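Q:
There are 2 protein chains.
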Amino acid sequence: MKYINVYKDIKGKILKGIYPPGATLEGEEIFCEMYGLSRTTIRKAIAKLKQDGYVHSRQGSGIFVNPPEFYEEKSLTTISERIDKTENIETTVLDFKTIEADEELSEIFNLSIGSKLFYYTRVRKIVDSHNVLEKTYMPYYLFKDFNKDIIKKSVSKYIEKDCHYTISHDIKNIKAINVDKELAQLLNMEEGSATLQIQHKVYLNKSILAQYTLEIQTKNNIRFVAVR
Amino acid sequence: MKYINVYKDIKGKILKGIYPPGATLEGEEIFCEMYGLSRTTIRKAIAKLKQDGYVHSRQGSGIFVNPPEFYEEKSLTTISERIDKTENIETTVLDFKTIEADEELSEIFNLSIGSKLFYYTRVRKIVDSHNVLEKTYMPYYLFKDFNKDIIKKSVSKYIEKDCHYTISHDIKNIKAINVDKELAQLLNMEEGSATLQIQHKVYLNKSILAQYTLEIQTKNNIRFVAVR
DNA sequence: TGACATTTGTCCGTATGTATA
DNA sequence: CTATACATACGGACAAATGTC
């Protein structure tokens, strides 16, 4: 875990402005001496910095600090994930109950029609930012002791820490939708206007679907940065 | 470049189904013998396979082939980039002219109002798939010999190969919009319905904006996969 | 429960290739 | 042309997680 410390150290210096955007970093050899580590380890740290968009490198030239838009708001951080990092989120649970799967849901979860599912909706307000409405479905047979308190906190923590499930991957589909009457009222938007809907599926090992969420954000915008 | 050959070989076998989803790959040591390469090199190839979503690995366990949704349609490949790979695109140029920057454009490009810009619109039909409408602006002072023939082919190649500029990065913003009358006719969509608009900025070194594109796709859907 | 072999992860030192200035 | 700096590659050693007996 030495390389991760180097990564954190350099990342911190970039975020603090000690290495400003456009700056040339010390060469790999210098870093080796500075941290007293081998070049392999330094390069692993640099590789992670590159992967996360903090720096880029050119052979024969050097390692350069990227401008902030490279690493801000990257890769579609929907709110679900941000909860673990900042506590600047107000959560209101609107609804929580168990329902029976209709045809659509049974197909999504690959369960028989009528199977029990947990269903909840919540609004999350990112302080000084936008609102998010989430509608989530989770199969009952996987999460028997699921309850309302968990929803106010972090559901993903519950899945991984309390239930000891391993989250394998998630798939997000982004779509434009017209705001309906219900949404318009809840999020204070204009009926019929266009907004982004994010469909979010969380999978456990063996492609078991653990969570199906529809997210609507009042902020009609998602940004990506790609480095050549 | 040895590792990239290994990468391509294994990737090919995954795509051909020789390694089906869920399969366990040969261990690293076996690969070393098979390809006659060191473990470092094999690991570099595996690392790239992991990065591109083809496989994942667990310490103490092995290297496993991911299901197709892990590597399909990843990371928002807008059409602009796909042109280099497949020739299955029909391009129709609808408009090509020079215009003068209004307030909005002058701000986007950081130029004074009235500066000359190239402007073109084109429709691209992905064979057996969907349509894309692009509206693009490019500053005149950077691309004096720009012409209609280039637009029919690859503009990004023109920027890099012919003009010898280096593309530093690009930023994409996704937004939901209501389809207006013009769009509805061009792309055979319903007026007022919601669809995705991708705003695409291409930057050269020193944060010079070389290209500003608004893209609208008839396919109202973008997918992402993230692996834990 | 514990011991053990297997497999990936991390790390070191060194050498050579290649793009850049 | 030369020096510099990153990229690729080799081989070896130990750590940590996993699965099995």
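Just so you know, the sequences run in chain order V and H.
Using this note's numbering, read the first sequence as starting at -14 and increasing by one per residue.
Using this note's numbering, read the second sequence as starting at -14 and increasing by one per residue.
Beta carbons: idealized from backbone N, C-alpha and C, even for Gly.
What you are looking at is a predicted structure, and each value in this text was computed from that prediction instead of being measured.
(1) Decide yes or no for the touch test of the stretch 169 to 182 of chain H against the stretch 145 to 152 of chain H: beta carbon pairs closer than 8 Å, at least 3 of them.
(2) For the stretch 196 to 205 of chain V against the stretch 177 to 186 of chain H, do three or more pairs of beta-carbon atoms, one drawn from each stretch, fall closer than 8 Å, so that the two count as touching?
(3) Quick one: give me the first and last residue of the beta strand (DSSP E) that V:I215 is part of.
(4) I'd like to know whether the C-beta atoms of H:V40 and H:I27 end up nearer to each other than 8 Å.
(5) Under 8 Å between C-beta atoms, does H:K(-2) make it to chain V?
(6) Our contact map puts V:E200 next to V:E75 with C-beta atoms below 8 Å; I'd like the distance itself, whole angstroms only.
(7) Going by DSSP in three states, H:G38 sits in which element: helix, strand or coil?
(8) Mind checking which residues open and close the beta strand (DSSP E) that includes H:I237?
(9) When burial is assigned at 16 or more other CB atoms within 10 Å of the CB, is H:Y105 buried or exposed?
(10) Is H:K35 closer than 8 Å to H:S46 when the C-beta atoms are compared?
(11) With H, G and I counted as helix, E and B as strand and the rest as coil, what does DSSP make of H:T25?
(12) 8 Å is my cut-off, CB to CB: does H:F55 come that close to chain V?
(13) Go ahead and label V:P5 buried or exposed: buried means 16 or more other beta carbons lie within 10 angstroms of its beta carbon, across all protein chains shown.
(14) I'd like to confirm something about H:K33: is its beta-carbon nearer than 7 Å to some heavy atom of the ligand COA, or not?
(15) Grouping DSSP H, G and I as helix and E and B as strand, with all else coil, what is H:V164?
(16) Measuring alpha carbon to alpha carbon, tell me which residue in V:F81, V:K29, V:Y(-8) and V:V117 is nearest V:M174.
(17) Just list the residues that DSSP pairs V:A179 with in beta bridges.
(18) If I measure Cβ to Cβ from H:Q44 and keep anything under 7 Å in the same chain, skipping five residues before and after, which residues do I get?
(19) Check whether the Cβ atoms of H:Y125 and H:T83 sit closer than 8 Å, and answer yes or no.
(20) Checking the sheet assignment: what are the DSSP bridge partners for V:Q44?
(21) Would you say H:G99 faces chain V, with C-beta separation under 8 Å as the test?
(22) Judging by CA-CA distance, which residue of V:D155, V:E176, V:V78 and V:N163 is the nearest neighbour of V:I135?
(23) With 8 Å as the threshold, decide whether the Cβ of H:A86 is near any Cβ in chain V.
(24) With a threshold of 8 Å between beta carbons, is H:H115 in contact with chain V?
(25) Per DSSP, V:P124 forms a beta bridge with which residues?
(26) Please list, in chain order, all residues of the same chain as H:K(-7) whose beta carbon is under 7 Å from its beta carbon, the five residues on each side excluded.
(27) Pull up the distance between the alpha-carbon of V:R67 and that of V:F128, whole angstroms please.
(28) Between the alpha carbons of V:K29 and V:Y(-12), how many angstroms are there, rounded?
(29) Measure from the C-beta of V:G177 to each C-beta in chain H and report whether the shortest distance is under 8 Å.
(30) Sort out for me which residues DSSP pairs V:T83 with in a bridge.
(31) Taking only beta carbons into account, state which residues of the stretch 143 to 163 of chain H come closer than 7 Å to chain V, listed in chain order.
(32) Under the three-state reduction of DSSP, which class applies to H:D147: helix, strand or coil?
(33) Could you name the residues of the same chain whose beta carbon sits closer than 6 Å to that of V:R85, not counting the 5 residues immediately before and after it, in chain order?
(34) Within its chain, find whatever has a CB closer than 8 Å to the CB of H:N51; leave out the 5 residues flanking it on each side and keep chain order.
(35) In angstroms with no decimal places, state the Cα-to-Cα distance between V:I15 and V:M(-14).
(36) Can a CB atom of chain V be found closer than 8 Å to the CB of H:T180?
A: According to the structure data:
(1) Counting Cβ pairs under 8 Å, fewer than three are found: no touch.
(2) In the pairwise beta carbon analysis, the stretch 196 to 205 of chain V is classified as not touching the stretch 177 to 186 of chain H: fewer than three pairs are separated by under 8 Å.
(3) Only positions -14 to 213 of chain V appear in the structure, and residue 215 of chain V is not among them; the question remains open.
(4) The Cβ-Cβ distance between H:V40 and H:I27 does not fall below 8 Å.
(5) Contacts with chain V at 8 Å (Cβ-Cβ) do not include H:K(-2).
(6) Incorrect: roughly 16 Å between the Cβ atoms, too far for contact.
(7) Correct three-state label for H:G38: coil.
(8) Since the displayed chain H opens at -14 and closes at 213, residue 237 of chain H lies outside it and no answer follows.
(9) Here H:Y105 is buried. Its C-beta has 16 or more other C-beta atoms within 10 Å.
(10) Not a contact, by the Cβ cut-off of 8 Å.
(11) The three-state reading of DSSP puts H:T25 in helix, counting H, G and I together.
(12) Yes, because at least one Cβ of chain V sits closer than 8 Å to the Cβ of H:F55.
(13) Exposed, by the Cβ-count rule.
(14) The ligand COA is not among the ligands present in this structure, which contains no ligands whatsoever.
(15) The DSSP-derived three-state label of H:V164 is coil.
(16) Among V:F81, V:K29, V:Y(-8) and V:V117, the Cα nearest to that of V:M174 belongs to V:V117.
(17) Answer is V:N163, bridged to V:A179.
(18) Beyond the five residues adjoining it in sequence on each side, H:Q44 comes within less than 7 Å, by CB distance, of no other residue in the same chain.
(19) Contact flag set, yes.
(20) V:Q44 is bridged by DSSP to nothing; it lacks a bridge partner.
(21) Taking Cβ atoms only, chain V never reaches closer than 8 Å to H:G99, which makes this a no.
(22) Per the Cα distances, V:V78.
(23) Closer than 8 Å: no.
(24) In terms of beta-carbon proximity, H:H115 stays away from the interface with chain V, with every pair separated by 8 Å or more.
(25) Under DSSP, V:P124 forms a beta bridge with V:L102.
(26) Exclusion of the five residues before and after H:K(-7) leaves no residue of its chain whose Cβ lies closer than 7 Å to its Cβ.
(27) Residue confidence is low: V:R67 scores 38 on pLDDT, short of 50, so the model does not pin down where it sits. Its coordinate-derived value is still stated next. The alpha-carbon separation between V:R67 and V:F128 amounts to approximately 23 Å.
(28) Rounded to whole angstroms, V:K29 to V:Y(-12) spans 6 Å at the Cα level.
(29) Yes, V:G177 counts as interfacial toward chain H.
(30) For V:T83, which the question treats as bridged, DSSP gives the partners V:F103.
(31) Interface annotation for the stretch 143 to 163 of chain H against chain V: I152, S153, H154, D155, I156, K157, N158, I159, K160, A161, I162 and N163, criterion Cβ-Cβ distance under 7 Å.
(32) In the three-state DSSP reduction, H:D147 falls in the helix class (H, G or I).
(33) The sequence given here places Glu at residue 85 of chain V; Arg does not occur at that position. Spatial neighbours of V:E85 in its own chain (CB-CB distance under 6 Å, excluding positions within 5 residues in sequence) are listed in chain order as G99.
(34) Contacts found: P6, G38, Y39, V40, H41 and V212.
(35) Going from the Cα of V:I15 to the Cα of V:M(-14) covers about 20 Å.
(36) Taking Cβ atoms only, chain V reaches closer than 8 Å to H:T180, which makes this a yes.
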